[in-house]
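Engineer: Here the UniProt record's numbering is used: the sequence shown runs in plain steps of one and ends on residue 255.
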Amino acid sequence: MSQINEYATRLDDAARTATAVSQFDSEGRLSLDQAYEIQSASIQRRVARGERRVGVKMGFTSRAKMVQMGLSDVIWGRLTAGMQIEEGTSVDFSRFVHPRVEPEIAFVLKHSLEGDVTGPEALAAVEAIAPALEIIDSRYKDFKFTLPEVIADNASSSGFVIGAWRDPRTDFGNLGLTLNLDGRAAQVGSTAALLGHPLRSLVAAARLSAQAGEPLQAGWIVMAGGATPAEWIKPGQYVSVDMERLGSAGFHVKG
Ligand code: OOG
Ligand code: MG
């Protein structure tokens with residue numbers, strides 16, 4: 001087995017069995033391209049098990065997240081249908097290693113969107129927007145990683161929850177939001193934290209996925225990135241995001 005496939009299998013097994021694995025690139029030998037190859041190979045294993053590809057997630061698009069994780073490059077990961085958790089339902093804690101949650105805004109596209117596009121071009125491809133939550137669950141011990149390691153691990157992507165879809169003609173450049181744990185605000189922020197405007201995250205998604213030969217498709221979801229630092233989640237909690245004008249989205253964590 002090639003080294004790329006070996007790492008992809010290790011990370012996919014870790015995700016599947018909710019077991020942490022050791023970091024494997026502390027010396028910094030992996031290039032970013034190799035890291036994305038590992039990510040792609042690990043997602044191919046999910047697709048081979050019947051999971052459908054449904055979009056893209058962006059990472060480190062806010063300063064809050066860069067500071068929390070100590071990394072500063074925008075990264076991206078691949079979303080599959082198996083990662084989506086229906087809004088308002090319960091998710092089993094045992095599915096995760098050491099999950100965290102963060103408030104995001106999600107886009108769903110009505111047209112494909114490829115390469116270097118402008119903000120208005122990106123907006124014209126958006127069918128709807130929604131308040132969303134991402135569950136990140138690094139497969140590495142202690143939730144610690146280098147940039148290539150987190151890319152290889154599909155940018156810690158583990159689950160996502162999307163609230164009701166809204167008209168994208170709403171001005172969503174600076175919407176106040178809270179991340180709530182059992183109804184108490186644990187983080188307060190704004191959609192403006194995402195590269196100044198969440199549309200810039202969609203522009204970056206269009207460029208990066210086209211570069212990888214997998215351009216954004218009509219019907220795909222794009223998660224724009226955490227607007228605040230992530231919070232640990234625990235069994236028994238109800239986790240939600242409240243977003244000005246767009247409403248809320250939440251889920252229960254079953255113990
Ligand atoms: C990496 C994933 C980052 C975001 O929204 O910035 C991310 C991590 O923090 O584990 O999903
Ligand atoms: Mg995220």
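The beta carbon of each residue, even a glycine, is placed where N, CA and C say it ideally should be. It should be emphasised that the depicted structure is a prediction, and the values quoted were computed from it without experimental measurement.
1) Measuring CB to CB, does residue 202 end up less than 8 Å from residue 128?
2) In whole angstroms, give me the CA-to-CA distance for residue 182 and residue 238.
3) So residue 77 packs on residue 57, CB below 8 Å; how close in whole Å?
4) Do residue 60 and the ligand OOG come close, with the Cβ less than 7 Å from some heavy atom?
5) So is residue 163 buried or exposed if we call it buried at 16+ other beta carbons inside 10 Å?
6) So, does the segment 13-33 touch the segment 144-160, judging by three or more C-beta pairs under 8 Å?
7) Are at least three pairs of beta-carbons, each pair with one atom in the segment 219-238 and one in the segment 166-184, less than 8 Å apart?
8) Return the chain-ordered ranges of every beta strand (DSSP E) run that is complete within the segment 70-122 and spans a minimum of 3 residues.
9) Sorted by chain position, which residues of the same chain lie with C-beta nearer than 6 Å to residue 232's C-beta, five sequence neighbours on each side aside?
10) Comparing the CB of residue 57 with every heavy atom of the ligand MG, is any distance shorter than 7 Å?
11) Please work out which residues of its chain come closer than 7 Å, Cβ to Cβ, to residue 92, disregarding the five sequence neighbours upstream and downstream, and give them in chain order.
12) Go ahead and pull the three-state DSSP assignment for residue 13.
13) Using C-beta distances below 6 Å, list every residue in its chain close to residue 252, excluding the 5 sequence neighbours before and after it, in chain order.
14) Buried or exposed: where does residue 86 fall if 16 or more other Cβ atoms within 10 Å of its Cβ makes it buried?
Structural biologist: For this structure:
1) On the sequence shown, residue 202 is found 202 positions in, with the first residue counted as 1. On the sequence shown, residue 128 is found 128 positions in, with the first residue counted as 1. Cβ distance not < 8 Å, so residue 202 and residue 128 don't count as in contact.
2) Along the sequence shown, read from residue 1 onward, the residue named residue 182 stands at position 182. Along the sequence shown, read from residue 1 onward, the residue named residue 238 stands at position 238. A direct Cα-Cα distance of roughly 5 Å separates residue 182 from residue 238.
3) Against the sequence shown, residue 77 aligns to sequence position 77. Against the sequence shown, residue 57 aligns to sequence position 57. Residue 77 to residue 57, Cβ: 5 Å. Contact.
4) On the sequence shown, residue 60 is found 60 positions in, with the first residue counted as 1. Placement of the Cβ of residue 60 at a distance of less than 7 Å from at least one heavy atom of the ligand OOG is found.
5) Residue mapping note: residue 163 aligns to position 163 of the sequence shown, counting from 1. Buried, since its Cβ has 16 or more Cβ neighbours within 10 Å.
6) These segments touch.
7) Touching, yes.
8) Listed in chain order, the complete beta strand (DSSP E) runs (minimum 3 residues) inside the segment 70-122 are 75-80, 90-92, 100-109.
9) Within the sequence shown, numbered from 1, the residue matching residue 232 stands at position 232. Around residue 232: 100.
10) What you label residue 57 is simply residue 57 of the sequence shown in a count that begins at 1. Result yes, Cβ under 7 Å from the ligand MG.
11) Residue mapping note: residue 92 aligns to position 92 of the sequence shown, counting from 1. These residues qualify, in order along the chain: 254.
12) Counting from one through the sequence shown, the residue named residue 13 turns up at place 13. Helix at residue 13.
13) One-based indexing of the sequence shown puts residue 252 at position 252. Counting only residues of its own chain and dropping the five nearest sequence neighbours on each side, residue 252 has a CB closer than 6 Å to the CB of 90, 238.
14) In the sequence shown, residue 86 corresponds to position 86, counting from 1. Exposed, by the Cβ-count rule.
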